[in-house]
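Quick note, my numbering runs 7 ahead of the 1-based positions in the sequence shown. Yeah, the Cβ is synthetic: ideal placement off N, Cα and C, and Gly gets one too. Structure, as structure tokens:
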Amino acid sequence: MGVRKAVPVDYDDDPERFAANLTAKARYASGDVHPIVAARLVAEGASPILDAGGGTGPLARLLADAGVPAVVADIAEHVRQAPRPAVQADARALPFADAVFGAVAGLWMLYHFADPIPVLREMRRVLRPGGLLAVSAPSRRNDPELAAVLPDWGAPLSFDAESAPAVVGEVLDVVAVTSWDEPMLRLPDRRAVALYLRGRGLAEAAARDAALRVEAPVRVTKRGALVWAVRRCR
Ligand SMILES: C[S@@+](CC[C@H](N)C(=O)[O-])C[C@H]1O[C@@H](n2cnc3c(N)ncnc32)[C@H](O)[C@@H]1O
């Protein structure tokens, strides 16, 4: 297997980068995994729910609206913006007892670990037998229209849509995989392209320069996967 790179954790060092990511998605993207995950968790009657690496709490907000108790655990300071209860904690050592959650979510976060297996084991530890896990990951070939300006485009990530089902399957029983490959983002002009590239990890000036090399408007194809798994009762 080649080198599989983890995505750097820059949330406290460069909060503007994550803010650009959230703003670009809110302005220009259609389709979001959070309502899909929330709807299934609510339908399954899973409770309480842990959102590990839950960020500023988009999933927890939807669950709160549905009256489902949820806890957000995230290593970055922005977890203070999440709905309560929320705790600043490392997903590699979750501050919870064994088998206390009916479901655990880990959305867009496992690619931050060079080895996601210990984190998945930790998620499994806090799940009750029969409990559900939902994790999502982008494809290594996400945003193909921007491939020329995205460093390392196409290189495997430590956890990506291509590897996610097999990696999760090492720790829990995978019960469903939903993949997408659709133009879900429309960047109307170069400012929008620059904002999006900034959110994708480029520095401010690099994002502006790179945007000059992209023909706008541009429709961008989002590729990724959502994996559902269960902790079997045994
Ligand atoms: C791309 S954001 C996704 C946030 C949220 N899950 C969502 O879907 O909006 C990745 C999150 O993983 C968190 N994270 C990274 N390393 C972590 C760790 N070791 N323990 C807990 N959270 C971590 C980051 O702080 C960040 O909030």
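Inter-residue Cα distance where the pair is residue i and residue j
i       : j       : result
Asn-28  : Arg-205 : 7 angstroms
Arg-11  : Glu-129 : 21 angstroms
Pro-224 : Ala-104 : 50 angstroms
Val-221 : Pro-190 : 16 angstroms
Leu-66  : His-41  : 5 angstroms
Ala-212 : Tyr-18  : 19 angstroms
Asp-72  : Gly-231 : 26 angstroms
Val-126 : Ala-13  : 13 angstroms
Pro-15  : Glu-51  : 34 angstroms
Ile-56  : Asn-149 : 29 angstroms
Arg-135 : Val-184 : 21 angstroms
Arg-47  : Leu-164 : 27 angstroms
Residue i (DSSP reduced to helix, strand or coil)
i       : result
Thr-63  : coil
Pro-190 : strand
Pro-172 : helix
Asp-180 : strand
Thr-228 : strand
Ala-201 : helix
Leu-209 : coil
Val-14  : coil
Val-237 : strand
C-beta atoms of residue i and residue j nearer than 8 angstroms
i       : j       : result
Val-107 : Ala-59  : no
Phe-166 : Tyr-118 : yes
Gly-6   : Val-237 : An answer regarding residue 6 cannot be provided, because it is not within the stretch 8 to 241 covered by the chain.
Ala-141 : Trp-235 : yes
Ala-53  : Gly-109 : yes
Leu-153 : Tyr-35  : no
Leu-101 : Val-133 : yes
Ala-168 : Pro-145 : yes
Lys-229 : Gly-38  : yes
Ala-89  : Gly-61  : yes
Val-86  : Ala-93  : yes
Ala-80  : Ala-96  : yes
Closest by C-alpha distance to residue i, when choosing among the options
i       : options                               : result
Asp-216 : Val-200, Arg-226 and Lys-229          : Val-200
Val-181 : Ala-144, Arg-239 and Ala-210          : Arg-239
Leu-194 : Ala-31, Asp-20, Pro-15 and Asp-19     : Ala-31
Arg-99  : Pro-92, Ile-82 and Gly-208            : Ile-82
Arg-91  : Glu-84, Gly-64 and Asp-97             : Gly-64
Arg-24  : Val-227, Leu-233, Ala-210 and Asp-122 : Ala-210
Arg-198 : Ser-186, Asp-188, Gly-208 and Ala-214 : Ala-214
Val-277 : Ala-162, Gly-208, Val-227 and Leu-233 : Since the first residue of the chain shown is 8 and the last is 241, residue 277 is not available in this structure.
In chain order, which continuous runs of the alpha helix (DSSP H) of length 4 or greater are located wholly inside the stretch 17 to 80?
-> Fully enclosed alpha helix (DSSP H) runs of no fewer than 4 residues occupy 22 to 35, 40 to 51 and 65 to 72 of the stretch 17 to 80, in order along the chain.
For the stretch 74 to 147, list the beta strand (DSSP E) runs that are entirely contained and at least 3 residues long, ordered along the chain.
-> Complete beta strand (DSSP E) runs here, min 3: 77 to 81, 93 to 95, 108 to 114 and 134 to 145.
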